[in-house]
Structure formats: C-alpha cells, structure tokens
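Undergrad: Numbering that gives the first Met the number 0 applies: residue 0 is where the sequence shown begins, and numbers increase by one.
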Amino acid sequence: MSPDGFAVVRGRGYRPEQVDRAVAEFARQRDTAWERAARLTVLAREMEDEGRRLEQVVAKLPPQTYETLGPRAQGLVTTAELEAAGLRERAEAEAAEVQESAAAYGRELREAAHEYAVAVRAEAEEWARQAQLAAQTVADDLRTTVRQETKKRREESLAALKEMRQHTAMILAEQEKEQAERWDVAGREIAEREAAMDARVAALEEYARTALGEARRRYADTEEAARHGQEDAEAQAAAVIAQARVREERIARDTERVLREHEERREELRSHMAHVRHSLAALTGKPVAEDAGAD
0 MSPDGFAVVR
10 GRGYRPEQVD
20 RAVAEFARQR
30 DTAWERAARL
40 TVLAREMEDE
50 GRRLEQVVAK
60 LPPQTYETLG
70 PRAQGLVTTA
80 ELEAAGLRER
90 AEAEAAEVQE
100 SAAAYGRELR
110 EAAHEYAVAV
120 RAEAEEWARQ
130 AQLAAQTVAD
140 DLRTTVRQET
150 KKRREESLAA
160 LKEMRQHTAM
170 ILAEQEKEQA
180 ERWDVAGREI
190 AEREAAMDAR
200 VAALEEYART
210 ALGEARRRYA
220 DTEEAARHGQ
230 EDAEAQAAAV
240 IAQARVREER
250 IARDTERVLR
260 EHEERREELR
270 SHMAHVRHSL
280 AALTGKPVAE
290 DAGAD
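1. How many whole angstroms separate the CB atoms of VAL239 and ARG199, which I take to be in contact at a CB cut-off of 8 Å?
2. If you drop the 5 nearest sequence neighbours on each side, which residues of the same chain put their C-beta closer than 8 Å to that of GLU204?
3. On a CA-only basis, which of VAL56, ALA127, LEU39 is nearest ARG27? Give me that one, please.
4. Quick one: using the 10 Å Cβ neighbour count with 16 as the cut-off for buried, is ALA241 buried or exposed?
5. Does DSSP put PRO2 in a helix, in a strand, or in coil?
6. Using the three-state DSSP reduction, which class does LYS59 fall into: helix, strand or coil?
7. If you measure between the beta carbons of ARG208 and ALA243, is that distance less than 8 Å?
8. Distance check for GLN178 and ARG265, CA to CA, integer angstroms please.
9. Would you check if there are 3 or more beta carbon pairs closer than 8 Å linking the region 260-278 to the region 169-186?
10. Alpha carbon to alpha carbon, how far is ASP197 from GLY212?
11. Hey, out of ALA237, ALA202, TYR206, whose CA is closest to ALA219's CA?
12. Have a look at ARG187 and ALA168 and give me their C-alpha separation to the nearest angstrom.
13. Closest to GLU248 by C-alpha separation, out of GLN55, ALA210, LEU268, ARG109, would be which residue?
14. I need the straight-line Cα distance from ALA158 to HIS274, nearest angstrom please.
15. Take ALA202 and list the residues in its own chain whose beta-carbon comes closer than 6 Å to its own, dropping the five residues that flank it on each side.
16. Thinking C-beta only, is ARG109 closer than 8 Å to THR40?
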C-alpha cells in the first residue's frame, strides 16, 4: 500500500478501481467543504444585515414628551427618561458591541471559510495531482504489459509459423519423392504395356500377312487346277476365295480393333500421366517437365 491508500500493482502501479474511488472521494470532500464555506458566508452576511436593520429601527424611534402630566408625573417621566436614556445608551453600546462582535465574527467566519476553502482547494488539487500521477502510472504499466504481451504473442506466432513451414516443406519433399517413385513405376508400366502392345500388333500383322499369302497361294493353286477342271475348279476357287476373303476381313477387323484398343489405352495412359504431372506441380509449386518418351 502507498501512503495515500493505493494498492501497488506489479511493484509500481496502482489499481484503476482504487484510483477511481479515491478521485471520487476527493471530489465529494471538496464539494462538502465548498458547501460548508458557502453556508458560513451566507450566515455572516445575514448577521451583518440584521445588525444594520436594528440600527435603523432604533434611529427611527420618535422622542417621547409628557408635558400634559403633573409635576410629580413629569418628575417620574424625567426620571424614566433619564433611565431610558441610560438604557438607550447602554442598549446602543451593547448593540454597537454586538454589531462589532457580529462583524468581527463574520470577518472571522469569512476568513476561516476562505482559509478552509483555500486549504480544501489545495488539498483537492494535491489529491487530483496524485490521482493523475497514479492514473498515469497505471496507464504506463498497462502499455508496458500490452507491449510485452504483444511481443510474446508475436514471437510465439513466428515460431509456430516457422515450424509449420518446416513441416509443410518436409511433407512436400516426401510427397515429391513419392510422386517421383510413382512416376518411374508408371513410366515402366507404360513402356512394358506399349512393348507388349507393339509385339501383339506385329504378331497380328505377321499373322495377317501369312494368312493373306496362304489365301493367295490357294487362289493360285485353284486357278492352276481350274485349267484342268473348269467347272469344279471355279466352284472350289470361289469357295476358297470367299473363305479367304472372310478370313481376311476377320483378320482386318481384329487388327483394327487391336490397334484401336491400343490407341485408346495409350490416350488413357497419356491422360493419367498428365494428371500425375499436374498434381505433382500443384503439390511442389514447380512445373514438371513433359516426358519426351510419352508419345
């Protein structure tokens, strides 16, 4: 606790709620002092006004005459007047004394009220200055705390961001390695399938050439036999030729189907490899070179 009743926070600051309560209490005491000084000033003025009013009333009283009375009565009156004059003098003296006392008391009250007001004002200003210093200290502590907390959170955020970047880079490296391995495996599979497909096409072409040569040979044999037996030869030749043509058409259709399937499979493989390249480029952020041997 400080000498002024404030609880110290973190070694040098004050609690904001205590500062607010202290400032409110200072303001209340200041207002009470001003109100009391005002009442005392009004009371002193009222007493001065009452003294002046009594003086005016006494001054306006007419002198009393008793000429119509007898000598004895006049003697009594004279005696009474003398006593009244003495009383008046004493009353005037007492009134003057009371007035002077009231004036002195009023001056004392005004001076005391002024001194009290000055003291209260000085005390209030001192309390206000201390409250302002306390509030400034609280604000400085809050700013320092906010700066430290902000710096700490920024350092934590930077550390978390750095760790996230390292983790992301590691994941991307692993994915890139995995994609490269898959790329090599897919390339080998495509090469093996293309080699098998080419071998099958070559075998079908060779089979077609062999079958066509066989058909032509039979056709030549048929023509040769036709010269010996025209009618039988023509019928047999027509049957052989028809059979050869049917076989040739079937071989051509099979060859065309195999070639078409081979081309479709090649397009599928090309599309798959393009998708793999784009996925790898999206993951690594780097363009992947086109495979020169894909076609």
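Every residue, glycine too, gets a C-beta built ideally from N, C-alpha and C.
TA: To lay it out plainly:
1. One-based indexing of the sequence shown puts residue 239 at position 240. One-based indexing of the sequence shown puts residue 199 at position 200. Rounded, the Cβ-Cβ distance is 28 Å, inconsistent with contact.
2. As a first step, residue 204 is located in the sequence shown; it is residue number 205 there, counting from the start. For GLU204, where only same-chain residues beyond five positions count, the Cβ hits under 8 Å are THR254.
3. By one-based count along the sequence shown, residue 27 stands at place 28. ARG27 has its Cα closest to that of ALA127, out of VAL56, ALA127, LEU39.
4. Numbered from its first residue, the sequence shown carries residue 241 at position 242. Counting Cβ neighbours within 10 Å, ALA241 comes out exposed, since fewer than 16 surround it.
5. Within the sequence shown, numbered from 1, the residue matching residue 2 stands at position 3. Model confidence at PRO2 stands at a pLDDT of 48, short of 50, so the residue's coordinates are unreliable; what they give is reported in the following sentence. If DSSP states are grouped into helix, strand and coil, PRO2 belongs with coil.
6. Start at 1 with the first residue of the sequence shown, and residue 59 comes out as number 60. Correct three-state label for LYS59: coil.
7. As a first step, residue 208 is located in the sequence shown; it is residue number 209 there, counting from the start. As a first step, residue 243 is located in the sequence shown; it is residue number 244 there, counting from the start. No, Cβ-Cβ distance for ARG208 and ALA243 is not below 8 Å.
8. In the sequence shown, residue 265 corresponds to position 266, counting from 1. In the sequence shown, residue 178 corresponds to position 179, counting from 1. Each residue's alpha carbon lies about 21 Å from the other.
9. yes
10. Position 198 of the sequence shown, counted from the first residue, corresponds to residue 197. Position 213 of the sequence shown, counted from the first residue, corresponds to residue 212. Straight-line Cα distance between these residues: approximately 22 Å.
11. The sequence position of residue 219 within the sequence shown is 220, counting from 1. With distances taken between Cα atoms, ALA219 lies closest to ALA237.
12. Numbered from 1 along the sequence shown, position 188 holds the residue referred to as residue 187. Numbered from 1 along the sequence shown, position 169 holds the residue referred to as residue 168. Using only the alpha carbons, I get a separation of about 28 Å.
13. If you number the sequence shown from 1, residue 248 lands on position 249. When only C-alpha atoms are compared, the closest one is ALA210.
14. Residue mapping note: residue 158 aligns to position 159 of the sequence shown, counting from 1. Residue mapping note: residue 274 aligns to position 275 of the sequence shown, counting from 1. Cα to Cα, ALA158 sits roughly 36 Å from HIS274.
15. As a first step, residue 202 must be located in the sequence shown, where it is residue number 203. Correct list: empty, nothing qualifies.
16. Looking up residue 40 in the sequence shown gives position 41. Looking up residue 109 in the sequence shown gives position 110. Yes, the pair counts as a contact, with Cβ atoms nearer than the cut-off.
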